[in-house]
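Numbering (this note's numbering), first residue to last: -16 to 440. Beta carbons: idealized from backbone N, C-alpha and C, even for Gly.
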Ligand code: MV4
């Protein structure tokens, strides 16, 4: 097992990784930017290294600074958390060359799944239904028009190096195709350095359902069921739950088999997530695979009793998975609400100092956060400041628990999306489990009363 792990992240996930290390008896190194010197991840790590100024590119994303910090402190592994360096095959390779274990999949697997066209091919080869679409990249507008005509409009153009909704463009008819293709390719080139795009049939009101998988270095691969993540706004998830209210045991079994077949074909090792879209006829299609621990992992931990971060560390240390598929039992229902520092009316960031921070507790409540009273929420970083996660014996119990937990979460000094989360959790469609990726469309209008002109200026 590792002696010392460097955590190449900040905020709640850095703390989450520190908790796992402490329980495993592993020393920890925090890295931080100038403005994060008083952060909790720094306070609770055994050692800390300042790696640069506030801007992400100058600190948390600075690969040589992170590697140097690991070398100076003699860390034997790096946990990247999510975001930042987590899905950089290049960073995983640099770790390898420096004889530091990257806690995640091998670089080749990160690269393969990062190429969304290749990922589609790998999953299709494994017999998994993929969204109908182009065989590979689309070269020009003639080819795109042929493919789109075959699929039937609407279609969606996606960047092969994208994922998570970045660089996507929906096209409703042939007239709009040329402009959309040009713009998608230009955006892809600007964002990812390559203009490569592919086409899929656009599903109108799908659900987003993702399966958690775990693979060790000995070819053992298991799944930990699914999370429903349909409630998103601008490709940012807001509410996640496990299990999905949409899956029958039979469908769960079929989707899980598909997720495992694809992951096996990819040579997957460590924790990963296989994303599917589910249509109104209960047909599922592979969309993409994420090669990192995800923000919403706690809902899976709640229903399986498995500590995913500890498992990531054990797998990276070369230990075999301690469970077989038949050992995995799901129990109860778990829901997560992401608490963001943002104006609930305008969805704009609300940085500032938190004056009062009271977190809910009691039965079935977990709060993952690095925020605290008098801490400063910097505009340099992600607006997510806490995850409120509840567990119940049933979905109904989880919902009522989430309502009372949201009601006793007090954050003053900055604005948060807690009022929005209250509305979502009390929405009759949410309560019935009737979700789709368009669920949030109805919340685009301002909350409660419209703003007076004087307040907006
Ligand atoms: C789609 C889709 C419909 N059809 N692909 C958005 C995030 C990224 N992972 C892919 N996304 C979508 N891909 C096809 N072929 C609809 C979306 C989508 C979406 C997916 C999940 C959750 C929310 C969403 C909101 C808008 C669009």
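Around the Cβ of residue 407, a 10 Å sphere holds 16 or more other Cβ atoms; the residue is buried. Straight through space, the alpha carbons of residue 85 and residue 267 are spaced by roughly 32 Å. Not one heavy atom of the ligand MV4 lies closer than 7 Å to the C-beta of residue 96. Assigned with DSSP and collapsed to three states, residue 370 falls in strand. Shown here for residue 22: same chain residues with a beta carbon closer than 7 Å to its own, the five before and five after excluded, namely -7, 15, 353 in chain order. C-alpha of residue 149 to C-alpha of residue 232: approximately 32 Å in a straight line. Note: residue 413 is not bridge-paired with any residue in the DSSP secondary-structure output. Burial state of residue 255 is buried, judged by a 10 Å Cβ sphere holding 16 or more other Cβ atoms. Boundaries of the alpha helix (DSSP H) around residue 247: 232 to 248. Between residue 175 and residue 135, the C-beta gap is not smaller than 8 Å, which leaves the two residues out of contact. When the Cα atoms are used, residue 380 and residue 344 turn out to be separated by approximately 15 Å.
Taking residue 326 as the centre and dropping the five residues before and after it, the same chain places the C-beta of 333, 398 closer than 6 Å to its C-beta, in chain order.
In the DSSP assignment, residue 270 falls within the beta strand (DSSP E) that extends over 267 to 273. Look at residue 147: its beta carbon is less than 7 Å from one of the heavy atoms in the ligand MV4. Between residue 249 and residue 96, the C-beta gap is smaller than 8 Å, which places the two residues in contact. The criterion of a C-beta distance shorter than 8 Å is not satisfied by residue 4 and residue 50. Sequence-distant partners of residue 247 (beyond 5 residues in either direction) whose C-beta falls short of 6 Å from its own C-beta, in its chain, are 204. Going by DSSP, residue 253 is part of the beta strand (DSSP E) stretching over 253 to 261.
In the same chain as residue 331, and ignoring 5 residues on each side of it, the C-beta atoms closer than 7 Å to its own belong to 325, in chain order. For the pair of segments examined, the stretch 115 to 130 was found to touch the stretch 183 to 193: the number of CB pairs separated by less than 8 Å reaches three. Between residue 87 and residue 275, the C-beta spacing is below 8 Å. Its chain contains 281, 319, 349 as the residues whose beta carbon lies nearer than 6 Å to that of residue 372, once the 5 sequence neighbours on both sides are disregarded; these appear in chain order. With fewer than 16 other beta carbons inside 10 angstroms of its own, residue 201 counts as exposed.
Under the three-state reduction of DSSP output, residue 197 falls in the strand class. Residue 1 and residue -16 do not touch by the CB rule: their CB atoms are close to 16 Å apart, not below 8 Å. Residue burial annotation: residue 305 is exposed, with fewer than 16 other C-beta atoms found within 10 angstroms of its C-beta.
Excluding sequence positions up to five before and after residue 157, its CB lies within less than 8 Å of the CB of 128, 131, 132, 136, all in the same chain and listed in chain order. For residue 400 and residue 336, the gap between their C-alpha atoms comes out near 16 Å. The beta carbon of residue 295 lies closer than 7 Å to those of 86, 253, 254, 276 in the same chain, with the five residues before and after it left out. The C-beta separation of residue 171 from residue 177 comes to about 7 Å, placing the pair in contact by the 8 Å criterion.
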